[in-house]
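Below is one structure, written out as structure tokens; the observations come after it.
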Amino acid sequence: MVSDYITNWNNYPREKSSLRYPVFTQDFSNFWNENSPFIVRGNGRCYGDASLAPSIASTLKFNRILSFDETQGVLSCQSGLMLSDILDLIVPRGWFLPVTPGTRFITVGGAVASDVHGKNHHKEGSFSQHIVSMKILTPKNEVITCSAAQNSEFFWFTCGGMGLTGIILEVTFRLKKIETGYIKQLQIKSGSLDEVLDLFDQFSRYTYSVAWIDCLKKGEHFGRSILMLGEHATVGELNGKKDLYPDSSKTLSVPLYLPSFALNGLSVKAFNGVFYGKNYKREMHSLATYESFFYPLDAILHWNRIYGRNGFVQYQFVVPKDRGKAGVRAILKRISDKGWGSFLAVLKLFGKQEGPISFNMEGYTLALDIPINPKLFAFLDELDIMVKDFGGRIYLTKDARMKPEIFHSTYPNAAKFTSFLSRIDPEKRIISSMSRRLAIK
Amino acid sequence: MKRVLILGATSEVALSLADLLAAKSCEIVLAARNVQRLNPVKADLFVRFGAKVTLYEFDAIETDTHGEFYSGLNPPPDTVVCFLGYLGDHTKALTDWKECSRILTSNYTGAVSILNHVANDFEKRRQGIIVGISSVAGERGRQSNYLYGSAKAGFTAYLSGLRNRLYKSNVHVLTVIPGFMQTKMLEGMNTPKMLTLEPKRAALLINKAIKSKKSVVFISPVWKWIMLTIKNIPEGIFKRLKL
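So the protein lines, in turn, are chains Y and E.
Using my numbering, count along the first sequence one by one with no gaps and you end on 424.
Using my numbering, count along the second sequence one by one with no gaps and you end on 435.
Okay, here's the thing in structure tokens:
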């Protein structure tokens, strides 16, 4: 078997793996017939070791659409289908993804395994909320159908279960009706962190909301930010000026690994453009294509190379709402004082929690990129303690380095999850580097 | 190309070609062993392109069934692309006739059997395109895979003769000679990345060759020069090489 070094989006860690690409459902059974444990991998857009193992089953060639009910807005597909392919199909027919993360280059299986969230989490929940049913090939080599009502334990531990419950074969989920491919956008400047945290509550009626925080600003303007709010634009709101559905935007690519100061340079420019640009108003209304609103970084393919070959980590945590403001302020201050982080951090207010093992909980989530340096992991361990003390937790999909005791003490259903896994997979056939590192299996 | 029959349709390159043809509103007939595996493909091409796809069970080795299979296609195809191929276990086949015979039949006699039916029909109708996917392995026998290679060599010669015979009947025959492709056939083999083609890219090149009415095409073109070099090594030297 041929082995190659495989790494995920943040280029850390890199592990020697043999990668195979099943095409037919039957091909997956071969993995059970072998002795080496394996993990299923989608498009490798997680930031860590969740989809790494010595043996990997890639779903990228297992990507067929099985049905699309255009009147009800229900789509059924194989797990390796990418969100970008789905959007190409459904947007011109007046439908949209119920939930989308900040990149469209992930697979549906990955969306389930991470139970991804988007800018609408406070109103519409995470991806698992919209699943009608799934087919899973279990470690006992049986295909089961599961949903919130049927085999529900399997269902809920698969949503956010990091691919450890079995091979997700097929997913059926509900879409969202749209009239156009545009987003009516409102950007609000805020001079401080406290102000933007309040703005989230004030503007919670908006379907989509997220804030970009300037991490470099100190003093009274600490945490100055731009809150971005959005609604799907109606036909009337386009005023007949545009085609209902925009052409897929052209993309740029970062061809080489760049020294790590480059992204800061780029993002400083982008941020300052909005902050000090032509617009002097506090609030700015505009019309954006869905691509530019949801996927600004997708427009630069391989933007991860900007951080250089050593890679980076993306630190994303959530702290519960009641102590969230103090939590975000204290943790962001620590990071900002250290000066290692990216210039920008992304802040979002989540709604109620769903799946038992999902990352999301009602509260504030903050994410930022930090290039890897020799002292970083010790520092992040300190941050983990702060997150834990505020009652929060770390997003597994973004994690490459957390200590197992942090996972087990911050995810309230960790013990139930691990005992479920040892029941359904006693021989530990599905193992990832993450499941080993965090002592999940 | 309106109605295309793809033989050996579970090959990844065949599936990629089906994607391209469906996008151009061709009607597609997919024939393969355990053809129900292709149900998701049928559904996918319908959802994406509204394409009409039908599935037929077909086994190259069961040559007795080929006549009935072909006459059962109604209406008959105007283009046939033959991806039939089985690499097999060369070492095993040296001592196991069953494996050896399976290699020879899948790659040569089985393909000849079905394409004879196609050729006779196209000749009568004075129209059609026949595309045969052969292999660089058929250009010169090497110790590591000459059973597969000899069957492909036979197939290449067959296609050449067929092209010669059918030219006057307005039937076009295209021989495709691929090198390494990143498919399950080569999964686990460490082939040089520069010379290994993605199935999507291979399908694109095949589609292009069909449209431009080429007779023999190497994909990718670099293989033409590699094989030219290999074929020109004197036998006295060649027989000493570990290939």
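From the three backbone atoms N, C-alpha and C, an ideal C-beta is built for every residue, glycine too.
| message | Excluding the 5 residues flanking residue 311(E) on each side, which residues of the same chain have their C-beta closer than 8 Å to its C-beta? | response | 322, 354, 357, 358 and 363
| Chain-ordered residues of the region 285 to 306 of chain Y with a beta carbon less than 8 Å from chain E | none
| task | Find the nearest neighbour of residue 237(E) within the set 215(E), 248(E) and 254(E), judged by alpha-carbon distance. | result | 215(E)
| task | Kindly say whether residue 210(E), judged by its beta-carbon, lies nearer than 8 Å to any beta-carbon of chain Y. | result | no
| Close Cβ partners of residue 335(Y) (< 6 Å) along its chain, the five nearest in sequence each way excluded | 345
| request: Starting from the C-beta of residue 265(E), find all residues in its chain whose C-beta is less than 7 Å away, skip the five residues before and the five after it, and write them out in chain order. | output: 197 and 221
| query | Closer than 8 Å, CB to CB, is residue 232(E) near chain Y or not? | reply | yes
| beta strand (DSSP E) containing residue 170(Y): first to last residue? | 165 to 173
| Assigned exposure category for residue 182(Y) - 16 Cβ within 10 Å defines buried | buried
| said: What does DSSP give as the partner residue(s) for residue 370(E) in the beta ladder? | reply: 411(E)
| field | Short-range partners of chain E found in the region 40 to 51 of chain Y, where Cβ spacing is below 8 Å | value | 44, 47, 48, 49, 50 and 51
| task | Could you check the C-alpha separation between residue 327(E) and residue 270(Y) for me, to the nearest Å? | result | 54 Å
| Regarding residue 305(E) and the ligand COA, is the C-beta to nearest heavy atom distance less than 7 Å? | In terms of ligand content, the structure shown is empty, and the ligand COA therefore cannot be addressed.
| DSSP state of residue 391(E), grouped into three classes? | helix
| request: With 8 Å as the limit, tell me which residues of the region 233 to 251 of chain E have their beta carbon closer than that to any beta carbon of chain Y; keep them in chain order. | output: 233, 235, 236, 239 and 240
| query | Quick one, which residues of the region 4 to 34 of chain Y are near chain E if we go by CB-CB under 7 Å, in chain order? | reply | 6, 7 and 9
| Does DSSP put residue 43(Y) in a helix, in a strand, or in coil? | coil
| Listing by chain order, which chain E residues have their CB less than 9 Å from the CB of residue 72(Y)? | 239 and 240
| With distances taken from CA atoms, which of 158(Y), 421(Y), -1(Y) and 6(Y) is nearest residue 400(Y)? | 421(Y)
| In angstroms, rounded to a whole number, what distance separates the CA positions of residue 69(Y) and residue 393(Y)? | 34 Å
| query | By Cβ distance below 7 Å, which residues in the same chain neighbour residue 287(Y) in space, the five residues on each side in sequence not counted? | reply | -8, -7 and -6
| request: Take residue 406(E) as the anchor and find which of 254(E), 201(E), 239(E) and 368(E) has the nearest alpha-carbon. | output: 368(E)
| Segment limits, alpha helix (DSSP H) that includes residue 48(Y) | Run containing residue 48(Y): none in the alpha helix (DSSP H); it sits in the beta strand (DSSP E), 48 to 52.
| With 16 other CB atoms within 10 Å as the buried threshold, where does residue 105(Y) fall? | buried
| task | Please list, in chain order, all residues of the same chain as residue 338(Y) whose beta carbon is under 6 Å from its beta carbon, the five residues on each side excluded. | result | 98, 111, 139, 142 and 143
| Beta-carbon separation of residue 204(Y) and residue 164(Y) under 8 Å? | no
| task | Measure the alpha-carbon distance for residue 413(E) versus residue 293(E) and round it to whole angstroms. | result | 31 Å
| message | Quick check: is the beta carbon of residue 61(Y) nearer than 8 Å to any beta carbon in chain E? | response | yes
| query | Within the 8 Å Cβ cut-off, does residue 332(E) reach chain A? | reply | Considering every chain present, this structure includes no chain A. Its protein chains are Y and E.
| message | Just to confirm the assignment, what range does the alpha helix (DSSP H) spanning residue 343(E) have? | response | 338 to 358
| message | Between residue 376(E) and chain Y, is the shortest Cβ-Cβ distance under 8 Å, so that the two count as touching? | response | yes
| message | If the criterion is Cβ atoms closer than 8 Å, does the pair residue 66(Y) and residue 48(Y) meet it? | response | no
| task | Since I believe residue 74(Y) is in contact with residue 273(Y) (beta carbons under 8 Å), could you give me their beta-carbon distance rounded to a whole number of angstroms? | result | 7 Å
| Per-residue burial, residue 195(Y) [other beta carbons within 10 Å of its own, 16 or more giving buried] | buried
| Start-end ranges of the alpha helix (DSSP H) lying completely within the region 272 to 296 of chain Y, minimum 4 residues | 273 to 277
| query | From 159(Y), 11(Y) and 35(Y), pick the residue whose C-alpha is nearest to that of residue 120(Y); which is it? | reply | 11(Y)
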